[in-house]
Amino acid sequence: MISKFVITGPECSGKSTLAEVLAKTYNCYLVKEFARDFLNQLDRSYEYDDLLNIAKNQYANEKKMEKKSEKILICDTSIHTIKIWSHDKFNKCHPKIYDIKENYKHYFLCSPDIPWEHDPLRENPKDRNRIFNIYLKELKNKPFTIIEGSIIKRVENAQKIIDQYL
Numbered sequence: 022m023i024s025k026f027v028i029t030g031p032e033c034s035g036k037s038t039l040a041e042v043l044a045k046t047y048n049c050y051l052v053k054e055f056a057r058d059f060l061n062q063l064d065r066s067y068e069y070d071d072l073l074n075i076a077k078n079q080y081a082n083e084k085k086m087e088k089k090s091e092k093i094l095i096c097d098t099s100i101h102t103i104k105i106w107s108h109d110k111f112n113k114c115h116p117k118i119y120d121i122k123e124n125y126k127h128y129f130l131c132s133p134d135i136p137w138e139h140d141p142l143r144e145n146p147k148d149r150n151r152i153f154n155i156y157l158k159e160l161k162n163k164p165f166t167i168i169e170g171s172i173i174k175r176v177e178n179a180q181k182i183i184d185q186y187l
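My numbering numbers the first residue of the sequence shown as 22 and each following residue consecutively.
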């Protein structure tokens, strides 16, 4: 059985960097964040219904990579993130997104303790801590570790957890 690990957290908290480094470290597949490519190609502002499309594609990409994987799969975001995003942005979440079931060995919750970097897709420079606290609440019954500090410290801490599952 494949061990799936997800990197999650508020915007600009080092998720993609950590996911890429871990995938290289373990020589495994990486499920990239579908939303980024989708939103970059969108010629309008995203809407509530777009989040269902993003969720379906994120899940499909994850399942595709899962079939190719041997031991480990690193996921740069999850359906869980889309649920939080939807509630934060639109005060609701499409019921079909709730129907998508996740099965991760462990969640790595990235702390927003690194400097904000502007990106046209990012929306929350001032309230990353508030969103981080939403993640904390949502993950309380799931296996998760807060990842913070320098990229070296983040990778080392994530590796300690992943190695326990190997």
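Ideal placement from N, C-alpha and C gives every residue a C-beta, glycine not left out.
Nearest-angstrom Cα separation, counted from residue j out to residue i
i    : j    : result
K200 : K25  : The displayed coordinates of the chain run from 22 to 187. Any statement about residue 200 would go beyond what the structure contains.
R57  : L187 : 30 Å
P31  : K84  : 24 Å
L152 : C131 : The amino acid occupying residue 152 in the given sequence is Ile; Leu does not appear at that position. If I take the Cα positions, the gap works out to 11 Å.
E41  : M22  : 22 Å
Q62  : K126 : 32 Å
I135 : S90  : 31 Å
L60  : K174 : 31 Å
D109 : T102 : 10 Å
C114 : Q79  : 16 Å
D64  : Q185 : 44 Å
E68  : P116 : 16 Å
F111 : D70  : 10 Å
G170 : K161 : 21 Å
Y128 : A179 : 10 Å
T46  : K92  : 13 Å
S34  : L157 : 14 Å
I121 : N48  : 27 Å
Limits of the alpha helix (DSSP H) - the one that residue i falls within
i    : result
L39  : 36-46
H108 : 100-111
Y119 : 116-120
I182 : 172-186
I152 : 149-159
Assumed close pair residue i, residue j - CB separation to whole angstroms, cut-off 8 Å
i   : j    : result
A81 : I118 : Not a contact, Cβ separation roughly 13 Å.
I11 : I95  : The requested residue 11 does not occur in the structure, where the chain is confined to residues 22 to 187.
I10 : E159 : Outside the displayed span of the chain (22 to 187) sits residue 10, for which this structure offers no information.
Own chain partners of residue i with C-beta closer than 8 Å, once the 5 adjacent residues on each side are dropped
i   : result
P38 : Here residue 38 is Thr; the residue named in the question, Pro, does not match the sequence. Within the same chain, T38 has close Cβ partners I172.
K88 : none
Residue range of the unbroken beta strand (DSSP E) whose run includes residue i
i    : result
Y67  : Neither: Y67 is in no beta strand (DSSP E) and is coded neither H nor E.
I167 : 165-168
Y125 : No beta strand (DSSP E) holds Y125; DSSP gives it neither H nor E.
The ligand MN heavy atom lying under 7 Å from the CB of residue i
i    : result
G170 : Absent from the structure shown: the ligand MN. Ligands present: none.
Cβ neighbours of residue i in the same chain (closer than 7 Å, five flanking residues each side left out)
i    : result
N150 : P133
M86  : Y50, V52, L94
Same chain only: Cβ atoms within 6 Å of residue i, ignoring 5 sequence neighbours per side
i    : result
I155 : I105
Short CB-CB distance (under 8 Å) between residue i and chain D
i   : result
I28 : The chain inventory of the structure shown lacks chain D, comprising one protein chain alone.
Beta-carbon spacing of residue i, residue j below 8 Å
i    : j    : result
I182 : T166 : yes
E123 : S99  : yes
V176 : L43  : yes
K163 : D97  : no
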